[in-house]
Amino acid sequence: MTQGPPPPSAGRRRSHEDTGGHGNTAHRPPAPPSGEPALGGRALQRALQEVAALFLRLGATAFGGPAAHIAMMRDEVVRRRRWLSDQEFLDLLGATNLIPGPNSTEMAIHLGYRRAGWPGLIVGGAAFIAPAMLIVMALAAVYVRYGATPQATWLLYGVKPVIIAIVVQAIAGLARTAVREPLLAGAGAAALALYFVGIDEIALLVLVGLAVMLWRNVGRSAVRRLVLGMVAGLAVLAVGAAALAPTALAAASGAASSVPFTVGRLVLVFLKIGSVLYGSGYVLLAFLRADFVERLGWLTDQQVLEAIAVGQVTPGPVFTTATFVGYVLGGVPAAVAATVAIFLPGFVFVAASHPLIPRLRRSPWAGALLDGVNVASLALMAGVAWTLGRAAITDGLTVALSAASLVLLGRSRVNAAWLVAGGAAVGVLSGLGR
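Right under this line is the structure:
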């Protein structure tokens with residue numbers, strides 16, 4: 136069956152994206168259907184420089200965890216640079232949420248691949264990780280020498296309200312694309328309710344995705360009711376498993392037995408964690424404690440908490456907690472090895488899954504699954520923003536910072552990184568005045 140010409144709006148959008156929003160038709164050649172741009176020579180070199188510059192800056196300034204990182208990436212690559220559309224960004228986000236590993240780093244890898252092909256895949260991820268790794272390594276050196284990490288309380292006091300505004304603005308923009316019909320609006324509301332109930336994040340994504348896929352494709356009446364009953368049953372099982380997991384872990388954990396430290400064993404542990412870990416830094420905390428405190432006896436509970444704290448308060452991916460652990464245990468070589476090990480599986484997963492995303496979108500069944508996962512991903516971002524917002528916006532100054540950031544984001548093309556820097560400056564000045 137032949138396809139007709141694309142609608143005029145699609146043609147205009149392709150033209151604008153190809154120019155990068157700057158009127159230069161040589162700025163970005165059209166991408167083939169696979170999503171990998173056919174670049175060569177100077178065009179590839181220019182694209183790689185753009186990817187490296189963007190993600191090096193984000194890796195050095197993106198505070199606030201994965202939701203904030205993804206919001207800042209969307210501001211840069213969709214709103215400002217127009218490398219891709221909101222729908223394409225959502226599809227990458229949905230696919231990222233279905234694979235293990237650090238979500239924001241995997242988005243950087245996806246976006247680098249989308250912009251500059253296979254070389255961009257490596258450059259995008261490495262550029263996002265490197266600044267955070269170096270910052271965490273410096274803090275780890277201070278920790279090893281003095282037994283404590285520098286405090287960043289006032290800096291984060293000013294940064295967090297700005298981050299909440301950035302996340303809210305991104306959710307609003309993405310929701311206009313993701314929530315196209317009442318079914319998806321209902322699925323997103325259900326996902327948000329399940330998040331606050333406490334259901335596991337990956338179970339929530341799968342359940343909502345399956346519900347949308349089956350609702351659209353299996354027909355009505357009795358069959359549909361049967362399908363929804365099965366999904367509801369799976370949800371109950373997932374909630375029960377989440378409730379019983381801590382008890383099972385405690386029962387399975389024995390007394391810590393010290394195992395001799397080697398970099399090879401450290402690498403294997405972090406390869407395992409990077410290959411299977413879904414969820415937030417708090418899930419990472421559970422893995423680190425089980426492996427390094429209870430099973431190997433290499434760290435104390437206090438050291439693991441310090442490692443998580445450093446990963447949370449520094450910019451870039453939270454998984455650079457591995458850098459801190461590696462440095463504490465074996466200096467610079469172990470820090471680099473641990474960092475490579477925990478992030479390496481993410482590169483592999485993205486390389487394997489990225490070419491499949493356009494095919495998923497073309498399939499009625501897989502496309503519906505992706506739509507469900509997309510709205511569930513936005514619901515997770517909204518839930519995280521609400522939880523963090525209650526802790527971050529606590530007085531008149533933080534309310535003013537968040538409100539001003541929302542206004543600037545909505546009415547101008549101000550770069551989110553400048554807002555974060557401004558919030559940090561206000562926080563530090565506020566601390567000096569008290």
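The sequence shown lines up with residues 136 to 569 when you count with the numbering used here.
We put the beta carbon where it would ideally sit given N, CA and C, even for glycine.
Between residue 298 and residue 524, the C-beta gap is not smaller than 7 Å, which leaves the two residues out of contact. For residue 272, same chain residues with a beta-carbon under 6 Å away, outside a window of 5 residues either side, are 458, 462, 470 in chain order. In this structure the segment 537-557 lies against the segment 192-202, because at least three pairs of beta carbons, one per stretch, are closer than 8 Å.
Counting of Cβ neighbours within 10 angstroms places residue 281 among the exposed residues, the total staying below 16.
For residue 215, there is no enclosing alpha helix (DSSP H), as DSSP marks it with neither H nor E. When only Cα atoms are considered, residue 177 and residue 184 end up about 10 Å apart. If you draw a straight line from the Cα of residue 277 to the Cα of residue 448, it comes to about 15 Å. Going by DSSP, residue 489 is part of no alpha helix (DSSP H) at all; its letter is neither H nor E. By the CB criterion at 7 Å, residue 518 and residue 347 fall outside the cutoff. Note that the C-beta distance between residue 268 and residue 456 is not below 7 Å.
Residue environment analysis places residue 180 among the exposed positions, since fewer than 16 neighbouring C-beta atoms fall within 10 angstroms of its C-beta.
In this structure residue 476 touches residue 405 by the C-beta definition: roughly 4 Å separates them, less than 8 Å. A direct Cα-Cα distance of roughly 29 Å separates residue 330 from residue 558. When the beta-carbon positions are compared, residue 223 and residue 189 stay at least 7 Å from each other.
Secondary structure remark: continuous alpha helix (DSSP H) runs of at least 4 residues inside the segment 401-440, in chain order: 416-423.
With contacts defined as CB atoms closer than 7 Å, residue 343 and residue 320 fail to qualify as a contacting pair.
Excluding its 5 nearest sequence neighbours in each direction, residue 254 has C-beta neighbours in its own chain below 8 Å: 179, 183, listed in chain order.
Nearest to residue 403 by alpha-carbon distance, out of 326, 207, 479, is 479. With contacts defined as CB atoms closer than 7 Å, residue 511 and residue 340 qualify as a contacting pair. By the 16-neighbour rule on beta-carbons within 10 angstroms, residue 468 is exposed. Going by beta carbons, residue 247 and residue 186 fall inside the 7 Å limit. Taking the C-beta atoms as reference points, residue 225 is found nearer than 7 Å to residue 309. When secondary structure is reduced to three states using DSSP, residue 232 falls in the helix class. Between residue 439 and residue 428, the CB-CB gap stays under 7 Å. Burial is judged here by how many other beta carbons sit within 10 angstroms of a residue's own beta carbon; residue 396 has fewer than 16 and is exposed.
Going by beta carbons, residue 241 and residue 481 fall inside the 7 Å limit.
The straight-line gap separating the alpha-carbon atoms of residue 460 and residue 216 is approximately 36 Å.
With respect to the 7 Å criterion, residue 229 and residue 244 are not classified as neighbours on the basis of their beta carbons. By the criterion of a C-beta distance shorter than 6 Å, residue 485 is surrounded in its chain by 241, 244, 245, once the five residues flanking it on both sides are discounted.
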